[in-house]
Amino acid sequence: MLFNSYTFLYVFLPITVLGFWLIQELVNRHSALVWLVGCSFFFYAYWNPVYILLIIASIGFNYFVGYRLSSVSGEVGFRRKILFVGIICNLGLLGYFKYANFFMDGVNKALGLSVQIDAVVLPLAISFFTFQQIAYLVDSYRDVTQERNFINYCLFVTFFPQLIAGPIVHHKKMMPQFSDHAHQHFQLSNFSGGLTLFFIGLAKKVIIADSISDYPNVVFDNVLRGDSLNILEAWVGTLAYTFQLYFDFSGYSDMAIGLALLFGIRLPMNFNSPYKALNTADFWRRWHITLGEFLRDYLYIPLGGNRRGIGRLYFSLMATMGLSGLWHGAGWTFILWGIQQGFFHWIFLSWKLFKHKSRRMFQLPAKLQGMLAVFLTFMAWTVGMVLFRAESLEVAGSFYQSMFGLNGFAVEIPYVHEGYDIEDSIKLIGICFFIVWCLPNSLQIMKDIEPVVNWPDTSQAFTAPLRFFRWVKWRPSRLVACIVSPIVIYTLISMNKVKEFLYFQF
Amino acid sequence: MNTLYAQYIKWFTLICFFMIAFITGFSYYLNPYFVFGFNSDDSLIAYKSRISTRKGKSELMRHQSFDTLFLGTSRTEFGMYPDAVAGSVSFNGGLSGCSMTEAEGMLRVAIDSQSELKRVYLFCDLFSADIKKQVNPEMLVSRINPALSIPQYYIDSIFSSDSLKYSIRILEDLFKQEKTSRNSAGFLIKSHNVRYSVRSVFDHELYVHSGPGGRYTTLEYGKEALGPIRRIIQLCMEHDIELTLSIPPIHATLQNAMFTSGRWGTYEQFKLDLLEIVEAENSDVSLWDFSGISPYTAESLSPKDWLRADKSKWYVDCSHFKPLLSEEMFARIHGVSNEPFGARLQSDSIDEHLKLLRQELEQWRLEHRDEVEHLEALIQSDFFPKKIKPKP
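Just so you know, the protein sequences line up as chains A and B, in that order. In terms of this note's numbering, the first sequence has 317 at position 317, counting the first letter as 1, and numbering is strictly consecutive. Basically this note's numbering = 1-based index in the second sequence + 1000.
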């Protein structure tokens, strides 16, 4: 079920929210949570009922393993074996569904074989719920899990606002909220703020991401068919995709956070104006924050992080980013994209070291330095988007050729496909630049209600928007209601061309 | 503080409610796609241009009564008279770029809504059998789509940017007095744009078909795309409907474009496959081929007339024939005329027929070197499909 579908918006959501609060008020919190788990399972099964068994089995298995890890104290070797089995089973499941076809293709090509396996359908959200549960197992092994309630565990994995495309939630942040008495009463602030944030996310998806998505689809399809693009088409196509991905995914995250608030639950922050980042490391602290945190805590640091010398630091970074690429998709384009991100990290680290040693050489004014840094970081990400979006390495190669002028520098306004004018895309890209670089982000707009669980202590955690737009802030007032309502209605009437979220495929 | 939030929710709800009420009422009243019924006394019908869409046409078809249905692409839509079949009440279900799947969908809608349906004329074009283009995004949101979600369909029709935009468009057109060119039975009232010269509109269609990215250039023909034809035949047999299949007459210049694009062999295979399906179903369905070189399709103009508008007697452009030519076709189909125009395809004569057409085209190409060279130059040029040069 898509958040931007009529079924979800007009049927599922009202019934689920109403049912939850009625049960909570009339019966008790536990029953309300059971209702929410049931609704979440229904939400998942709506896509393909068969895979409900998979998620149930995964939950049952991981809960049992986590329970065993916590209950067997002292026997380090035995506990390590249990953890090992748990992680292997999770990765095996993910590997089978996500990577089996890719692996067999690779084996066939390498060994000249033609072994065929049936195409495996990737179950929705498997990458997300597998990572969440691996984190739970590791923390059970480390004895840092306290919550044992099975319903709470089920809800931690299946809570429908974050089930399909994140944020990747951590049990430490989520499970205490389910039992916490402070969350047991309906609060108008949460409800009105959650509703507004949900519609901000929906507007990002429906009005911006879906509008800008046509052009990249056309140009990438053209390259796939063997056409070559001119330099303008290639850059416009890539920039359009860069913004489509941002508004699509951050829109989804806003919707997820807003939906969770309707139930009085706060999800973690997943986006913090990544296109305002000053460098690649900063970027990854702002883009898909929960995935970055997972990879940092469960991969980068165990690999040595930055505490074992410069060589190990470079290795840990490359391995983490390479695996991040593989997590996003089973294909060489994703692996190369991850390596490319690791390479950008290397460049940034090397630059930082170089700059540190030759301090006096670089004395640009701070503002100019900041703008240059934001621009370069954004461009590096944009270049990477070609690998992220391309169907194959050949398509990516052809795209890069066009982007870097190997197909010529002609910039006449080209005709790409009937109905998709490049001029419209350029205008939309201009609007997107304005939104991401000048305006406050949605969490800054909603800061009065502190919509996320890991709300930063200081305002410095957010990059300040342009001085002129600092007044853009949500408040519970008539005036704001008069501004928000037309946006909501415009979003709702624009929902007739439903498009899937890009991160559903991961 | 709670009061402030309550007030916010109250105002938010109120404004949303009034806006929803306004938009739904507006879309329901103006009803751009005829989803909420059709009233022949409606003075706004002439301004409802969405009749030309899959959604509009399939809805309109449901609300009309007729016994004869024309199905096919824009050639059908442009080329039929409402009284093309004497003594019948007809509906023109032709859709621009209609695929075989869509034609089947239109027939299903017609069968579901018309108890008196007796005759169906289906005009089969080669590009309708492009396997890549069987499903049109516009089809998915119309009654033609058998998997259409009806609740979603009604919400889209009453509360969407699309319905609002086209409701407003009706008022704009009313204000500007710009009437739609289609009547309430789906027929085109005027079928020629007098702003452009004959040469311009011919060149436009030639480029659209055989230029880079053109219909013939990118065509992926597959026999599986003719599956809907088999089902159309079966549906007509089940419901006792007389079905006639025809391959429409395209102008010789476009046949030459097909040849130049290397699609002549595909065109012949298409005809063979159609005949095989018709004969395999063992039905009374007749299959007519009006393509080929005939006095109509080889209509030639003087250099001066090429540059003037509406000087072609039989053609709107090289792809679309005028209703006058459909009269000749129906005269042949119904046995009224014995003109050497079109032939009923049968398995014992098809090879001879295809050979004859090939020879005729070769002969035409020899006699019209200027047209052959003109086409080659046009394909090589950077002729922009949207740029139709106005008549001098």
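Don't be surprised by glycine CBs; every beta carbon is placed ideally from N, CA and C.
- residue 1092 of chain B beta carbon less than 8 Å from that of residue 1186 of chain B: Indexing the second sequence from 1 puts residue 1186 of chain B at position 186. Indexing the second sequence from 1 puts residue 1092 of chain B at position 92. In contact: residue 1186 of chain B and residue 1092 of chain B (Cβ atoms closer than 8 Å).
- Residue from A:36, A:465 and A:108 whose Cα sits closest to the Cα of residue 16 of chain A: For the purposes of this step, residue 16 of chain A is identified with residue 16 of the first sequence, where counting begins at 1. Relative to the Cα of residue 16 of chain A, the nearest Cα in the group A:36, A:465 and A:108 belongs to A:36.
- Cross-chain neighbours of residue 485 of chain A in chain B, by beta carbon under 8 Å: As a first step, residue 485 of chain A is located in the first sequence; it is residue number 485 there, counting from the start. The answer, in chain order, is 1011, 1012, 1015, 1016 and 1019.
- Message: Let me see if you follow: with CB-CB separation under 8 Å, is residue 1380 of chain B close to chain A or not?
- Response: To locate residue 1380 of chain B, count along the second sequence from 1; it is residue 380. Chain A contact via Cβ: absent.
- Which of the three DSSP states, helix, strand or coil, is assigned to residue 1092 of chain B? As a first step, residue 1092 of chain B is located in the second sequence; it is residue number 92 there, counting from the start. If DSSP states are grouped into helix, strand and coil, residue 1092 of chain B belongs with the strands.
- What are the partner residues of residue 1242 of chain B, as DSSP defines its beta bridges? On the second sequence, residue 1242 of chain B is found 242 positions in, with the first residue counted as 1. Its beta-bridge partners are B:1119.
- Message: Excluding the 5 residues flanking residue 1305 of chain B on each side, which residues of the same chain have their C-beta closer than 6 Å to its C-beta?
- Response: Locating residue 1305 of chain B in the second sequence gives position 305, where the first residue counts as 1. Around residue 1305 of chain B: 1311.
- Query: Any idea which residues DSSP pairs residue 1289 of chain B with across the strands?
  - Reply: Taking the first residue of the second sequence as 1, we reach residue 1289 of chain B at position 289. Answer by DSSP bridge pairing, in chain order: B:1247 and B:1343.
- Query: Does the beta-carbon of residue 1011 of chain B have 16 or more other beta-carbons within 10 angstroms, so that it is buried, or is it exposed?
  - Reply: Taking the second sequence and counting its residues from 1, one reaches residue 1011 of chain B at position 11. Counting every other CB atom within 10 Å of its CB across the protein chains shown gives residue 1011 of chain B a total of 16 or more, marking it as buried.
- Item | Spatial neighbours of residue 1372 of chain B in its chain, beta-carbon cut-off 6 Å, leaving aside the 5 residues before and after | Numbered from 1 along the second sequence, position 372 holds the residue referred to as residue 1372 of chain B. Excluding residues up to 5 positions away in sequence, 1365 lie with their Cβ nearer than 6 Å to the Cβ of residue 1372 of chain B in the same chain.
- Item | Cβ-based burial, residue 471 of chain A [other Cβ within 10 Å; buried from 16] | Counting from 1 along the first sequence, the entry for residue 471 of chain A is found at position 471. By the 16-neighbour rule on beta-carbons within 10 angstroms, residue 471 of chain A is exposed.
- Message: For residue 303 of chain A and residue 324 of chain A, which I take to be in contact (beta-carbon distance under 8 Å), what is that distance rounded to the nearest angstrom?
- Response: Position 303 of the first sequence, counted from the first residue, corresponds to residue 303 of chain A. Position 324 of the first sequence, counted from the first residue, corresponds to residue 324 of chain A. About 13 Å separates the two Cβ atoms, so there is no contact after all.
- Query: What are the boundary residues of the beta strand (DSSP E) that residue 1068 of chain B is part of?
  - Reply: In the second sequence, the residue the question calls residue 1068 of chain B occupies position 68. 1068–1071 is the span of the beta strand (DSSP E), which, as asked, contains residue 1068 of chain B.
- Check distances from the C-beta atoms of the segment 1153–1167 of chain B to those of chain A and list, in chain order, the residues that come in under 7 Å. For chain A, the residues of the segment 1153–1167 of chain B that bring a beta carbon within less than 7 Å of one of its beta carbons are 1155, 1156, 1159, 1160, 1161, 1162 and 1164, in chain order.
- Can you check whether the CB of residue 1065 of chain B is closer than 8 Å to the CB of residue 1114 of chain B? Looking up residue 1114 of chain B in the second sequence gives position 114. Looking up residue 1065 of chain B in the second sequence gives position 65. A distance below 8 Å separates the beta carbons of residue 1114 of chain B and residue 1065 of chain B.
- Message: For a quick check, are the C-beta atoms of residue 193 of chain A and residue 261 of chain A less than 8 Å apart?
- Response: The residue labelled residue 193 of chain A in the question sits at position 193 within the first sequence. The residue labelled residue 261 of chain A in the question sits at position 261 within the first sequence. Yes; because the gap between Cβ atoms is below 8 Å, this pair is in contact.
- Task: Please work out which residues of its chain come closer than 6 Å, Cβ to Cβ, to residue 405 of chain A, disregarding the five sequence neighbours upstream and downstream, and give them in chain order.
- Result: What you label residue 405 of chain A is simply residue 405 of the first sequence in a count that begins at 1. These residues qualify, in order along the chain: 231.
- When you compare only the Cα positions, how much space is there between residue 464 of chain A and residue 441 of chain A? Walking along the first sequence from the start, residue 464 of chain A turns up at place 464. Walking along the first sequence from the start, residue 441 of chain A turns up at place 441. Near 9 Å, if we compare the C-alpha coordinates of residue 441 of chain A and residue 464 of chain A.
- Query: Counting Cβ pairs, one atom from each stretch, are 3 or more of them under 8 Å apart for the segment 1027–1034 of chain B and the segment 1157–1168 of chain B?
  - Reply: Counting C-beta pairs closer than 8 Å gives three or more between the segment 1027–1034 of chain B and the segment 1157–1168 of chain B, which meets the contact rule.
- Around the C-beta of residue 1390 of chain B, are 16 or more other C-beta atoms found within 10 angstroms, so that it is buried, or is it exposed? The count along the second sequence starts at 1 and reaches residue 1390 of chain B at position 390. Unreliable positioning characterises residue 1390 of chain B in this predicted model, as indicated by a pLDDT of 40, which lies under 50. The coordinate reading is nonetheless provided below. So residue 1390 of chain B counts as exposed.
- Item | 7 Å Cβ cut-off: residues of chain A touching residue 1002 of chain B | Residue 1002 of chain B sits at position 2 when you count from the first residue of the second sequence. Here the neighbours are 188.
- Message: Just to confirm my understanding: we take residue 1279 of chain B, look at its own chain, exclude 5 residues before and 5 after, and list those with CB closer than 7 Å. What are they?
- Response: Here residue 1279 of chain B refers to the residue found at position 279 of the second sequence. For residue 1279 of chain B, where only same-chain residues beyond five positions count, the Cβ hits under 7 Å are 1347.
- Touch check for the segment 130–144 of chain A and the segment 77–91 of chain A: three-plus C-beta pairs under 8 Å? yes
- Task: Can you pull the chain A residues whose beta carbon is under 7 Å from the beta carbon of residue 1006 of chain B, in chain order?
- Result: For the purposes of this step, residue 1006 of chain B is taken as residue 6 along the second sequence, with counting starting at 1. Simply 188.
- In chain A, which residues lie with their C-beta within 8 Å of the C-beta of residue 1023 of chain B? For the purposes of this step, residue 1023 of chain B is taken as residue 23 along the second sequence, with counting starting at 1. Per Cβ cutoff of 8 Å: 489 and 493.
- Amino acids of chain B, ordered along the chain, whose beta-carbon sits closer than 9 Å to that of residue 6 of chain A: Residue numbering aside, residue 6 of chain A sits at position 6 when the first sequence is read from its first letter. Going along chain B in sequence order, the residues near residue 6 of chain A (Cβ under 9 Å) are 1149, 1151, 1152, 1155 and 1156.
- Message: With a threshold of 8 Å on Cβ separation, who are the neighbours of residue 235 of chain A within its own chain once the five nearest residues in sequence on each side are excluded?
- Response: For this step, residue 235 of chain A is matched to residue 235 along the first sequence. Only 403 meet the Cβ criterion.
- Item | Residue burial classification, residue 246 of chain A (beta-carbon count within 10 angstroms, cutoff 16) | Residue 246 of chain A sits at position 246 when you count from the first residue of the first sequence. By the neighbour-count rule (16 or more Cβ atoms within 10 Å), residue 246 of chain A is buried.
- Query: Can you list the residues of chain B that residue 307 of chain A reaches, using a CB-CB cut of under 8 Å?
  - Reply: Numbered from 1 along the first sequence, position 307 holds the residue referred to as residue 307 of chain A. What residue 307 of chain A touches in chain B: nothing, since even the nearest Cβ is about 47 Å away.
- Message: Three Cβ pairs or more, each shorter than 8 Å: is that satisfied between the segment 55–75 of chain A and the segment 142–162 of chain A?
- Response: yes
- Hey, how far is the Cα of residue 291 of chain A from the Cα of residue 1120 of chain B? Position 291 of the first sequence, counted from the first residue, corresponds to residue 291 of chain A. Position 120 of the second sequence, counted from the first residue, corresponds to residue 1120 of chain B. Whole-angstrom Cα-Cα distance: 59 Å.
- Message: Using beta carbons (cut-off 8 Å, strictly below), is residue 477 of chain A in contact with chain B?
- Response: By one-based count along the first sequence, residue 477 of chain A stands at place 477. Yes, contact with chain B.
- Message: Please report the distance separating the alpha-carbon of residue 1009 of chain B from that of residue 1016 of chain B.
- Response: Numbered from its first residue, the second sequence carries residue 1009 of chain B at position 9. Numbered from its first residue, the second sequence carries residue 1016 of chain B at position 16. Going by the C-alpha atoms only, they are around 10 Å apart.
- Backbone CA spacing between residue 132 of chain A and residue 386 of chain A [nearest angstrom]: Here residue 132 of chain A is taken as the residue at index 132 of the first sequence, counted from 1. Here residue 386 of chain A is taken as the residue at index 386 of the first sequence, counted from 1. If I take the Cα positions, the gap works out to 29 Å.
- Item | Boundaries (first-last residue) of the alpha helix (DSSP H) holding residue 1151 of chain B | Counting from one through the second sequence, the residue named residue 1151 of chain B turns up at place 151. Start and end: 1150–1158.
- Query: Considering only residues of the same chain and omitting the five flanking positions on each side of residue 1188 of chain B, which have a CB-CB separation below 7 Å?
  - Reply: Taking the first residue of the second sequence as 1, we reach residue 1188 of chain B at position 188. For residue 1188 of chain B, where only same-chain residues beyond five positions count, the Cβ hits under 7 Å are 1077, 1078, 1181 and 1182.
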